[in-house]
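See structure below.
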Amino acid sequence: RRTMTLLSLFLVIAASTPLFTAACPSYSSIFSFGDSLADTGNLYCSSSKPSNHCFFPPYGQTYFHHPSSRCSDGRLIIDFIAESLGIPMVKPYLGIKNGVLEDSAAKDGANFAVIGATALEVSYFEERDVHNVATNYSLTVQMNWFKELLSALCNSSESGGGGRLLVIGGEDTQ
């Protein structure tokens, strides 16, 4: 777990340095998966809209000056990565899909992360008599959303062969 955390930290720092960004191909989009460490608004944009502390002050006050549906007073790591690559902050997929966002084009990427998401399906936890799973947005659900969006993006004239970057966080891995 410590190795994954250190690796994640190194990748974030490396992606933030001018030398790294100058040597890398230019990226035009980010597709992000995960939980509260990366959710930029999917839980808020979900149809269930559960009440979450991240939807109210003081969350978001430092950077956005209002609650931003992020589990942070300011920006998340994914926001800093986008900034360092010179692309817009990654929009929540459910905001794009449901038309909640004004600019709903996903050409700049999409964020599939949801607060409380798990790597495993909810059924795995229920079979072990664990019933306090916060959401039903597992990694499988997020990957299905990605496949849905990918098929639409790959059929558009804007799809291209830009650089790819894979970053894996280590909060729940061993």
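If you use mature numbering (1 follows the signal peptide of the UniProt record, and there is no 0), the sequence shown corresponds to residues -23 to -1, 1 to 151, in order. For each residue, glycine too, the CB sits at the ideal point set by N, CA and C. These figures come from a predicted structure and were not determined experimentally.
Neighbour-count burial assignment, residue i, 16 or more Cβ in a 10 Å radius
i: Asp106; result: exposed
i: Asn19; result: buried
i: Gly86; result: buried
i: Tyr21; result: buried
Cα-Cα separation, residue i to residue j
i: Met120; j: Ser28; result: 25 Å
i: Ala59; j: Ser5; result: 9 Å
i: Arg47; j: Ala94; result: 14 Å
i: Thr117; j: Gln38; result: 32 Å
i: Lys74; j: Glu104; result: 32 Å
i: Ser115; j: Phe10; result: 10 Å
i: Val67; j: Asp50; result: 17 Å
i: Leu14; j: Pro34; result: 18 Å
i: Cys131; j: Ser3; result: 19 Å
i: Arg52; j: Phe102; result: 31 Å
i: Phe123; j: Ala111; result: 21 Å
i: Gly63; j: Ala129; result: 24 Å
i: Asp12; j: Ser61; result: 22 Å
i: Gln151; j: Tyr40; result: Low per-residue confidence applies at Gln151: pLDDT is 41, beneath 50, and the placement is therefore not dependable enough to give any value.
Distance between beta carbons of residue j and residue i, contact taken as under 8 Å
i: Asp16; j: Val91; result: 5 Å
i: Leu97; j: Ser23; result: Between Ser23 and Leu97 the Cβ distance is about 19 Å, and since that is not below 8 Å, they are no contact.
i: Cys36; j: His42; result: A quick correction: the sequence has Tyr, not Cys, at residue 36. With a Cβ gap of about 11 Å, Tyr36 and His42 do not count as contacting.
i: Ile54; j: Ile7; result: Contact flag wrong, Cβ pair sits at about 11 Å.
i: Val99; j: Asn113; result: 5 Å
Cβ-Cβ distance between residue i and residue j below 7 Å
i: Pro65; j: Asn88; result: no
i: Pro44; j: Phe57; result: no
i: Ala83; j: Leu127; result: no
Would you list, in sequence order, the uninterrupted alpha helix (DSSP H) runs of no fewer than 4 residues that lie entirely inside the region 24 to 87?
54 to 62 and 70 to 74
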